Amino acid sequence: SQTIHQWPATLVQPVGSPLSLECTVEGTSNPNLYWYRQAAGRGLQLLFYSVGIGQISSEVPQNLSASRPQDRQFILSSKKLLLSDSGFYLCACNPSFGTSGRPPGGQYFGPGTRLTVT
Amino acid sequence: GENVEQHPSTLSVQEGDSAVIKCTYSDSASNYFPWYKQELGKRPQLIIDIRSNVGEKKDQRIAVTLNKTAKHFSLHITETQPEDSAVYFCAFNFGNEKLTFGTGTRLTIIP
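Each protein sequence line maps, in turn, to chains F and H. Every letter in the first sequence is one number past the one before it in the working numbering, and letter 108, counting from 1, is 108. Every letter in the second sequence is one number past the one before it in the working numbering, and letter 19, counting from 1, is 19.
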């Protein structure tokens with residue numbers, strides 16, 4: 001089964017500073033990868049997803065960006081953080097069931113990064 | 001577009017009683033319906049899922065039922081215990097790549 005790593009676990013950053021959150025996956029290849037944000041006491045907001053290296057789909061226009069430089073690495077970035085960027089950032093993985101005809105399946109979440117923008 | 005309604009938003013249940021959470025979805029092409037449990041400060045965890053060719057699935061004290069005609073699916077927890085207290089999210093697939101999540105139900109088990 002896959003293991004998802006995220007770091008850092010917690011982060012406090014001032015408004016206007018840059019951001020880089022990293023997610024890596026073990027135990028699977030060619031997974032779909034996802035970045036979600038969860039505000040305190042709220043639901044899961046899909047930010048980006050990727051079906052392969054260099055392939056990024058953006059769900060919500062904002063000051064964040066994502067990159068997938070390697071098959072099992074997914075990075076979330078920002079050039080200038082806003083107060084509204086505070087939240088719990090979760091990376092998720094949908095393991096590959098094959099190179100084509102992948103059936104829909106469950107997503108498995110990493111431990112998350114709790115970001116506070118001050 | 002995809003849309004899901006989850007009810008209730010909060011639910012308090014006496015320990016030992018049953019809890020039911022219901023979700024209604026909009027995309028008739030959806031064929032995968034997972035449920036997630038999120039304890040305070042932790043990641044959501046997949047606890048049970050069902051595919052559209054099945055009407056009901058059970059795993060010990062939890063079960064999920066699916067009514068494709070009415071486009072709703074439900075989570076049933078029987079013999080509730082204090083450790084069942086958490087926020088529960090339903091979800092359904094939108095195509096093969098994404099899940100749409102419900103707004104969550106905060107379940108509290110009263111000892």
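Even for Gly, the Cβ is constructed at its ideal location relative to N, Cα and C. All figures in this text were calculated on a predicted structure; none of them were measured in a lab.
Under 9 Å between the Cβ atoms of residue i and residue j?
i	j	result
Asp-59 of chain H	Phe-33 of chain H	no
Ser-28 of chain H	Lys-71 of chain H	yes
Ser-67 of chain F	Leu-19 of chain F	no
Asn-31 of chain H	Thr-100 of chain H	no
Ser-12 of chain H	Thr-103 of chain H	no
Phe-89 of chain H	Tyr-36 of chain H	yes
Leu-82 of chain F	Val-25 of chain F	no
Thr-10 of chain H	Thr-105 of chain H	yes
Leu-47 of chain F	Leu-64 of chain F	yes
Arg-51 of chain H	Thr-80 of chain H	no
Gly-27 of chain F	Ser-1 of chain F	yes
Pro-111 of chain F	Gln-6 of chain F	yes
Could you check which residue in the options has the C-alpha nearest to that of residue i?
i	options	result
Gly-43 of chain F	F:Asn-94, F:Thr-113 and F:Gly-87	F:Gly-87
Arg-43 of chain H	F:Gln-70, F:Ala-9 and F:Gln-73	F:Ala-9
Thr-113 of chain F	F:Gly-106, F:Leu-76 and F:Lys-80	F:Leu-76
Tyr-116 of chain F	F:Tyr-89, F:Gly-105 and F:Leu-46	Note on residue identity: the sequence assigns Thr, not Tyr, to residue 116 of chain F. Out of F:Tyr-89, F:Gly-105 and F:Leu-46, F:Tyr-89 has the C-alpha closest to the C-alpha of Thr-116 of chain F.
Pro-95 of chain F	F:Pro-14, F:Gln-6, F:Gly-52 and F:Trp-7	F:Gly-52
Asn-67 of chain H	H:Asn-53, H:Glu-79, H:Thr-80 and H:Thr-78	H:Asn-53
Gly-54 of chain F	F:Asn-63, F:Pro-31 and F:Arg-37	F:Pro-31
Pro-82 of chain H	H:Gln-6, H:Glu-15, H:Ser-9 and H:Ile-47	H:Glu-15
Glu-39 of chain H	H:Val-87, H:Ala-63, H:His-7 and H:Arg-51	H:Val-87
Gly-95 of chain H	F:Cys-91, F:Gly-105, F:Cys-93 and F:Pro-69	F:Gly-105
Ser-58 of chain F	F:Gly-41, F:Leu-11, F:Ser-29 and F:Trp-35	F:Trp-35
Pro-69 of chain F	F:Leu-11, F:Ile-56 and F:Thr-118	F:Ile-56
Leu-33 of chain F	F:Ala-39, F:Cys-23 and F:Val-60	F:Cys-23
Is residue i buried or exposed, if buried means 16 or more other CB atoms sit within 10 Å of its CB?
i	result
Ser-17 of chain F	exposed
Ala-91 of chain H	buried
Arg-72 of chain F	buried
Phe-74 of chain F	buried
Ser-85 of chain H	buried
Tyr-108 of chain F	buried
Gly-98 of chain F	Confidence in Gly-98 of chain F is poor, its pLDDT being 42 and thus under 50, which makes the residue's placement unreliable; the coordinate value appears in the next sentence. By the 10 Å Cβ count, Gly-98 of chain F comes out exposed.
Ile-4 of chain F	buried
Ser-100 of chain F	With a pLDDT of 48 at Ser-100 of chain F, under the threshold of 50, the modelled position of that residue is not reliable, and the figure given next carries that caveat. Per the 10 Å Cβ criterion, exposed.
Ala-92 of chain F	buried
Gln-62 of chain F	exposed
Gln-45 of chain H	exposed
Val-64 of chain H	buried
- request: Note down, one range per segment and in chain order, each alpha helix (DSSP H) of at least 4 residues found wholly within the stretch 21 to 78 of chain F.
  value: Correct list: empty.
message: So, does the stretch 68 to 82 of chain H touch the stretch 18 to 25 of chain H, judging by three or more C-beta pairs under 8 Å?
response: With the cut-off at 8 Å, the stretch 68 to 82 of chain H and the stretch 18 to 25 of chain H touch.
Entirely enclosed beta strand (DSSP E) segments - the stretch 1 to 45 of chain H, minimum 3 residues: Counting only runs of 3 or more, we get 4 to 7, 10 to 14, 19 to 25 and 32 to 38.
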